[in-house]
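Down below is the structure, laid out as structure tokens.
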Amino acid sequence: MVYQADQNYTVPDVDVLSLLFDSRHCDAAEDTKIHIEAGNNANSVTKSQARDLTQKIAYGLRRNFNIGAAGPGKDVVACISSGQPLLPVFFYGVVAAGGVYSAASSSFTTPELARQITQGCCNLLVCSPDTQEVAVAAAKQCGVPLNRVLCLKSSPEWGLTSLGNNQNCISNEKLDWERITNKEELENSLVCLLYSSGTTGPPKGVLLSHSNIVSAAFITGELGREYTAKRGSPFEYRTLAHLPAAHIAGVQGYFINPFYMGGPVYWMPKFDFQKFLDFNKRYRITFFFSVPPIYLLIAKSPAVTDQFEHLEIAVSGAAPLGKELQLAASQKLGKGKTFISQTWGLSETTGSVTAMPWGRNDDTGSVSPVLPNMQLRLVDDDGKDVAAGQRGEVLVKGPVVTKGYHNSPKVTKEAFVDGWFLTGDIAEIHGDLVYIVDRKKELIKYKGLQVAPAELEAILLSHPIILDAAVIGVEQEGTEVPRAFVVVGKKISEDEIKSFVKSKVASYKQLRGGVVFVDAIPKNASGKILRRELRDASKKTTAKL
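Under the working numbering, residues 813 to 1357 are what the sequence shown spells out, in order.
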């Protein structure tokens, strides 16, 4: 059975820069401030300035480093930067030059960055001042000359400077980008490499095209416009960049979508909860996408008062948001009138595959309906479609789906079946609502019965004393049993936690693997739990016994 929306949109055949700077579809005016430093709102970039800088950066990259000289999609430029207003403009410049933007987490260590440079065959590296030390060390390890390591600064002055010879790489001359309207060329292009979360294995470079990025912006943008048309008054789009920019939430969610919707992004260099609260209030933020750990802080922190009273649209993704947490956090938003919706997608789908139509709420724990232009199937372990209402692995088709993984033909081949992308997520569909159960590889199998860690985590987080939680499966007497790792705010015993869970779940879902008290749950930069670290810790503990 194929699940899809009742309508499809006609996505324009256009490259991403033309969509943003030239297209009638983009709502930003020439004088619209599209990127602003949250700590100093006098430091801002308008659409007109962004176009000018894009062309000047493109010329500098082509003239000084031959980026794009051999044709588009061949030269990979790695970028490790904290959040700053010029970061998206640098992305536009790389694309305009014909290069490929490879986003690296600003929290990377030298070996992690070196691995991405090597895997992507990058010969140009860009950093921010706070990531410069790691960038220089990784460049040295990979044999990248220091003059091909650039430092991007948005404050106190704008700059893109070579660390080897102090050359300013923002040229006085300009290079315009290639306008592309050929559908096949757009679909087969390569403009961005985003690395998968690496929660279950080494990160893989996801190939994203003009078509992927334009489709993602256009489809979600139409949802917003339909909402605005129905309510009869304009929606003032303002968002706060508080998540890492090296993930799809950063590239699509901060570089592209707000610009397309005609609203500013206020940039934080890194997440700080108190500043996050202050900036939301100061700039009257109306829209944000965030992740469950941040909604957990919003729900449980007494510091949250009136900071979110102007918030109209709140979206959660990257990991499951339990129904209880969804309700608790929503009560703190928009004077209690803004309900958090959930979206589901991956780097491989350029972000969202499901999303709640603006103005509609759902409190059943779903990740919303399937977006227009997308197709979903649920299949069993044999690849056969499951019956309606039954669980199965989600397969996806649509214009946002990647062509595969960088320099990984074998992995790419394994990721697709008859043109359908295998997501690795298990879901149910009831009515038009999709419910993500968990990752296929993370399901715990107790005596043949499946236990979803996300379900138990949501229950644990509903306890007032438990601040954070994660669940994994551990081997015990020839089967797997659930083990919880918890962060607590006050003293509580293992038996009390077990009893709390026992009162809410079937017998086979109980915490037979025990409860481990920890100071923090290991997570990646986008908030996903690093279960492999918990499994490794459990194995070491077991080995000592």
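Beta carbons: idealized from backbone N, C-alpha and C, even for Gly.
Rounded to whole angstroms, what is the Cα-Cα separation between V826 and E996? Numbered from its first residue, the sequence shown carries residue 826 at position 14. Numbered from its first residue, the sequence shown carries residue 996 at position 184. Roughly 11 angstroms between the two C-alpha positions.
Which term fits M1168, buried or exposed, when burial requires 16 or more other beta carbons within 10 angstroms of its beta carbon? Position 356 of the sequence shown, counted from the first residue, corresponds to residue 1168. M1168 comes out buried.
Straight-line CA distance for F1100 to N1024? As a working note, residue 1100 is residue 288 in the sequence shown. As a working note, residue 1024 is residue 212 in the sequence shown. Answer to the nearest angstrom: the Cα atoms are 22 angstroms apart.
How far does the alpha helix (DSSP H) with R927 in it extend, from its first residue to its last? What you label residue 927 is simply residue 115 of the sequence shown in a count that begins at 1. Start and end: T922 to G932.
Buried or exposed for E1308, please, with buried defined as at least 16 other CB atoms from any protein chain shown within 10 angstroms of its CB. As a first step, residue 1308 must be located in the sequence shown, where it is residue number 496. E1308 is classed as exposed because its beta carbon has fewer than 16 other beta carbons within 10 Å across all chains shown.
Which partner residues does L1188 have in the DSSP bridge list? What you label residue 1188 is simply residue 376 of the sequence shown in a count that begins at 1. Answer by DSSP bridge pairing, in chain order: Y815 and V1208.
For T1101, which residues does DSSP report across the bridge? Counted from its first residue, the sequence shown places residue 1101 at position 289. Checking the sequence, you will find Phe at residue 1101 rather than Thr. The partner list for F1101 (beta bridge, DSSP) reads V1127.
Starting from C954, trace the alpha helix (DSSP H) both ways and give me its first and last residue. Locating residue 954 in the sequence shown gives position 142, where the first residue counts as 1. It spans Q944 to C954 - the alpha helix (DSSP H) in which C954 sits, taken as one unbroken run.
Secondary structure at H847, three-state DSSP: helix, strand or coil? Counted from its first residue, the sequence shown places residue 847 at position 35. Residue state, collapsed to three classes: strand.
When you compare only the Cα positions, how much space is there between A1355 and D1348? Sequence index remark: in the sequence shown, residue 1355 carries index 543 (1-based). Sequence index remark: in the sequence shown, residue 1348 carries index 536 (1-based). Unreliable placement is indicated for A1355, whose pLDDT of 45 sits below 50; the coordinate value is still reported in the next sentence. Whole-angstrom Cα-Cα distance: 11 angstroms.
Mind reading off the beta-carbon distance from P824 to F1067? Whole number of angstroms is fine, and I expect it under 8 angstroms. Here residue 824 corresponds to residue number 12 of the sequence shown, with the count starting at 1. Here residue 1067 corresponds to residue number 255 of the sequence shown, with the count starting at 1. Actually they do not touch by this definition, with Cβ atoms about 18 angstroms apart.
Identity of the residues DSSP links to Q1154 by a beta bridge: Position 342 of the sequence shown, counting from 1, holds the residue named residue 1154. Looking at the DSSP assignment, Q1154 forms a beta bridge with S1128.
Enumerate in chain order the residues of its own chain whose CB-to-CB distance from L1357 is below 7 angstroms, with the five nearest sequence positions on each side excluded. Numbered from its first residue, the sequence shown carries residue 1357 at position 545. Low per-residue confidence applies at L1357: pLDDT is 36, beneath 50, and the placement is therefore not dependable, though the value from the model is reported in the following sentence. Within the same chain, L1357 has no close Cβ partners at all.
Leaving out the 5 sequence neighbours to the left and right, which residues in its chain are closer than 7 angstroms to G1339 when beta-carbon positions are compared? The count along the sequence shown starts at 1 and reaches residue 1339 at position 527. Counting only Cβ-Cβ distances below 7 angstroms, and skipping sequence neighbours, we find V1103, P1104, P1105, A1130 and A1131.
Start and end of the beta strand (DSSP E) containing I1027? Walking along the sequence shown from the start, residue 1027 turns up at place 215. Checking the sequence, you will find Ser at residue 1027 rather than Ile. Where S1027 is concerned, there is no enclosing beta strand (DSSP E), although the alpha helix (DSSP H) around it starts and stops at H1022 to R1043.
For F1151, which residues from the same chain have a beta carbon less than 6 angstroms from its beta carbon, with the 5 sequence-adjacent residues on both sides left out? For the purposes of this step, residue 1151 is taken as the residue at position 339 of the sequence shown. Around F1151: S1142 and N1173.
For L1367 and A1270, which I take to be in contact (beta-carbon distance under 8 angstroms), what is that distance rounded to the nearest angstrom? This structure cannot settle anything about residue 1367, because the visible part of the chain is limited to 813 through 1357.
For a test of the three-state rule: what should DSSP assign to V828, helix, strand or coil? The residue given as residue 828 occupies position 16 in the sequence shown. Here V828 sits in helix by DSSP.
Quick check on P897 - is its C-beta less than 7 angstroms from some C-beta in chain B? Among the chains in the structure shown there is no chain B, since it carries only a single protein chain.
In whole angstroms, what separates the C-alpha of G1326 from that of Q1202? Indexing the sequence shown from 1 puts residue 1326 at position 514. Indexing the sequence shown from 1 puts residue 1202 at position 390. Answer to the nearest angstrom: the Cα atoms are 30 angstroms apart.
Considering only residues of the same chain and omitting the five flanking positions on each side of V906, which have a CB-CB separation below 6 angstroms? Mapped onto the sequence shown, residue 906 falls at position 94. Closer than 6 angstroms at the Cβ level, and outside the excluded window around V906, lie V889 and Y913.
In the structure shown, what three-state DSSP assignment does R1251 receive? Taking the sequence shown and counting its residues from 1, the one referred to as residue 1251 is at position 439. Of the three classes helix, strand and coil, the one that applies to R1251 here is strand, per DSSP.
If you measure between the beta carbons of Q1187 and Q928, is that distance less than 7 angstroms? For the purposes of this step, residue 1187 is taken as residue 375 along the sequence shown, with counting starting at 1. For the purposes of this step, residue 928 is taken as residue 116 along the sequence shown, with counting starting at 1. It is not a contact, given that the beta carbons lie outside the stated cut-off.
Taking only the alpha-carbon atoms, compute the straight-line gap between E985 and Y871 and give it to the nearest angstrom. Start at 1 with the first residue of the sequence shown, and residue 985 comes out as number 173. Start at 1 with the first residue of the sequence shown, and residue 871 comes out as number 59. Rounded to the nearest angstrom, the two C-alpha atoms are 7 angstroms apart.
Which residues share a DSSP beta bridge with R1295? To locate residue 1295, count along the sequence shown from 1; it is residue 483. I1284.
Just reading off the beta strand (DSSP E) that T973 is part of, what are its end residues? Here residue 973 is taken as the residue at index 161 of the sequence shown, counted from 1. Looking at the DSSP string, the run of the beta strand (DSSP E) that includes T973 is G971 to S974.
Enclosing beta strand (DSSP E) for E1240 [first to last residue]: Your numbering for residue 1240 matches position 428 in the sequence shown. Run containing E1240: W1232 to H1242, per the beta strand (DSSP E) assignment.
Nearest-angstrom Cα distance between T858 and D1090? Locating residue 858 in the sequence shown gives position 46, counting from the first residue. Locating residue 1090 in the sequence shown gives position 278, counting from the first residue. Near 24 angstroms, if we compare the C-alpha coordinates of D1090 and T858.
Near V814, what residues of its chain come up, given a Cβ to Cβ distance below 8 angstroms and the 5 sequence neighbours on each side ignored? Against the sequence shown, residue 814 aligns to sequence position 2. Closer than 8 angstroms at Cβ, skipping near neighbours: Q1187, L1188 and R1189.
Determine the direct distance from the alpha carbon of T973 to that of S919, and round the result to whole angstroms. In the sequence shown, residue 919 corresponds to position 107, counting from 1. In the sequence shown, residue 973 corresponds to position 161, counting from 1. If you take the alpha carbons of S919 and T973, they lie about 22 angstroms apart.
Heavy atom of the ligand COA within 6 angstroms of A1239 beta-carbon: Summarising the ligand content, the structure contains no ligands, and the ligand COA is consequently not present.
Considering V1372, what are the terminal residues of the alpha helix (DSSP H) in which it resides? The structure shown does not extend to residue 1372, since the chain spans only 813 to 1357, so no value can be given for it.
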